[in-house]
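Last residue of the sequence shown? That's 189 in UniProt numbering, and every number before it is there in order. Beta carbons: idealized from backbone N, C-alpha and C, even for Gly. Read the structure below first, then the notes.
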Amino acid sequence: MAELKQKSPLAWNDLKEKAPEHHRWCRAFFNEENMCELIDNNIAEAFNGSLLAARKMSVVSLFEQIRRMLMERISQNLKECSKWKGGIGPRIWRVIEKNSRAANYCEVIFNGAAGYEIMHGEDRYIVNLSEKTCSCKKYTLSGIPCTHAITAIRDKRGKVEEYVSSWLHFSTYMRVYSNVLQPMTGRND
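Structure representation (C-alpha cells):
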C-alpha cells in the first residue's frame with residue numbers, strides 16, 4: 001500500500017475509502033467461512049445487465065421479470081445438475097483435473113498426524129486434510145482441493161472427491177434448486 005500511495009496518491013485514497021480494511025480485496029485476507037474465491041463483482045453485473053430493459057417498467061412488472069428470470073434459471077440449473085456423472089459437477093471436475101496435473105510436480109512430507117508439508121517448486125505449503133485447509137488459501141476459499149491438497153490426498157491414498165466441500169456436492173445443489181418458483185397466471189386471468 002505504501003508503494004501505491006507513493007506512485008498514485010489518488011488511487012491509494014480511493015482504495016482506502018472503498019475498503020478501509022484494505023485486506024478485503026486481497027484473497028489472503030478473505031473470510032474463509034464464505035467459501036468464495038471470487039474477487040470481482042461479475043455476478044452482480046450480469047444480474048443487473050439482465051434487468052436493463054425491466055428497469056424501465058413499473059415496480060410490479062420489474063418484480064414479475066425477476067420472478068420469471070429466476071424461475072428459468074432454477075429450471076435450467078436443475079436440468080444441468082441432472083446431467084452430472086457422480087456426486088460432483090463437471091466444472092469442479094475440470095478444476096480437479098487441472099490441479100491433479102500440477103500435483104505431479106509436488107513433493108510431500110507427512111507429519112504422522114493430519115499435517116502435510118508440500119513442496120511445489122521453491123515454495124512450501126501446509127495442508128491439513130481433516131480441516132480441509134491449505135496455506136495457499138485456494139482450497140480453503142473454494143472448497144475444491146488445490147494442487148497441494150491433491151498431493152496430500154494422493155499420499156494418503158484417498159479419493160479426491162471425498163475432500164470436496166459438501167457445499168459443492170450434487171445433493172446440496174439439488175436441495176438448493178428443489179425450491180422452485182410456481183407459475184402464475186397473467187393479469188387478465
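- Per the DSSP secondary-structure output, V108 pairs in a beta bridge with I118.
- Secondary structure at T151: helix, using DSSP grouped into helix, strand and coil.
- Beyond the five residues adjoining it in sequence on each side, H148 comes within less than 7 Å, by CB distance, of C106, I118, H120, Y125, V127, C134, C136 in the same chain, given in chain order.
- At a Cβ-Cβ threshold of 9 Å, I88 and L168 count as neighbours.
- Cβ atoms of T151 and V108 come within 8 Å of each other, at about 5 Å.
- Taken in chain order, the complete alpha helix (DSSP H) segments of 4 residues or longer contained in the region 134-185 are 138-142, 147-156, 170-177.
- Annotation for N188: no beta strand (DSSP E) segment contains it, and DSSP assigns it neither H nor E.
- DSSP links R124 through a beta bridge to M119.
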